[in-house]
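Structure first, then comments.
In my numbering, the protein residues as written are 7 to 369.
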């Protein structure tokens, strides 16, 4: 991102001012803008711009609006969350994506030949499987790939090895890079939940593995599984919630790395269980009604009778105790206005609910 900003400045012949949001305060911003007003065409580059607070971002706004500077901000965060609307609405947003493996290979091969900026002067023989390994393990990060190449090249020079093989590449890289920003945190858990909802256990395990490897809090994952069990499976399979809650307790009891096993078990169960969001949809309808419509009073026969004098107020009068009737089937009104909030599905155990409810509602 920084390199692109320099290229833009060079191509447009603009005066280039660079700030780092980590180390720059309002004073540095004002000083940079003061310098910018002395030049005709200025690019103000702010690295890690998401680290600027609202006050610091506000300080940029007047000079951006009147064209004193062309602002280029680089960020690893979602700008819609971290940049004030007044700035983001005046900006064009470009998203950078990881390089493909073939593109990484091109960069590595170029560095192997380049005597001035690469390692061409070392005359290294690079084995194909080592090149492939670095291209894959660098996860589209050109800097990481080139650093791996350079470090291995100097190890070869020091030890006088004959070639750069895959064993050396593994030794240099140590562990595969795993980029996991704040955006990745939210995007990955979203993919995990949607994979459970969609019934794909392989996708569920992949996203779970990514979160585990990135160091995600296992209890956070467990809580999301519990929510999914209730929201997306519900009473189509009531055991799903039991499995999810048990998994959460198991995570608390065992800790990592063993906690990965109950997490996987519960997530697979949710993915493969019959699905219904009838409970979730029902409570949302009821909440909407309570918030928007006139509130109902509790009917007299349903009022509490656990206090002295309740009968004198008519509380509980006429209440029919369901267990006194065959099949606990009582023709009794439990709400004054007939609102229907719960619509059971045909999935799993909810099919039984639907039959029972149809009989009740047909009275």
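Think of the CB as a built atom: it goes at the ideal place given N, C-alpha and C, for glycine as much as any other residue.
Contact check for residue 253 against residue 215 fails: the beta carbons are separated by 8 Å or more. With a 10 Å radius around the Cβ and a threshold of 16 neighbouring Cβ atoms, residue 9 comes out exposed.
Taking every protein chain shown into account, the CB of residue 248 has fewer than 16 other CB atoms within 10 angstroms, so this residue is exposed. Per DSSP, residue 88 is one residue of the alpha helix (DSSP H) stretching across 85-88.
For the 8 Å CB-CB criterion, residue 283 and residue 355 do not form a contact.
In this structure, residue 199 sits away from residue 245, with a CB-CB distance that is not shorter than 8 Å. Selection 308, 319 and 362 evaluated against residue 342 yields 308 as nearest (Cα-Cα). In the three-state DSSP reduction, residue 217 falls in the helix class (H, G or I).
Judged by beta-carbon spacing, residue 78 lies within the 8 Å limit of residue 51, meaning their Cβ atoms are closer than that value. A residue is called buried once 16 or more other Cβ atoms fall within 10 Å of its Cβ, and residue 108, having fewer, is exposed. Using a Cβ distance threshold of 8 Å, residue 172 and residue 155 do not count as a contacting pair.
For residue 361, the number of other beta carbons within 10 angstroms of its own is below 16, and it is reported as exposed.
Between residue 170 and the set 114, 219 and 340, the nearest pair of CA atoms involves 114. Beta-bridge pairing by DSSP links residue 79 to 52. The alpha-carbon of residue 159 is positioned some 10 Å away from that of residue 167.
Only exposed fits residue 289, as fewer than 16 other CB atoms lie within 10 angstroms of its CB. Positions of the alpha helix (DSSP H) runs, each at least 4 residues long and wholly inside the stretch 280-343, are given as 284-298 in order along the chain. The bridge partners DSSP lists for residue 23 are 50. Residue state for residue 202 is assigned as helix, using DSSP reduced to three classes. Under the three-pair Cβ rule at 8 Å, the stretch 16-32 does not count as touching the stretch 82-93.
With a contact defined as Cβ atoms closer than 8 Å, residue 251 and residue 232 qualify at about 6 Å. Here the C-alpha atom of residue 349 lies approximately 53 Å from the C-alpha atom of residue 110.
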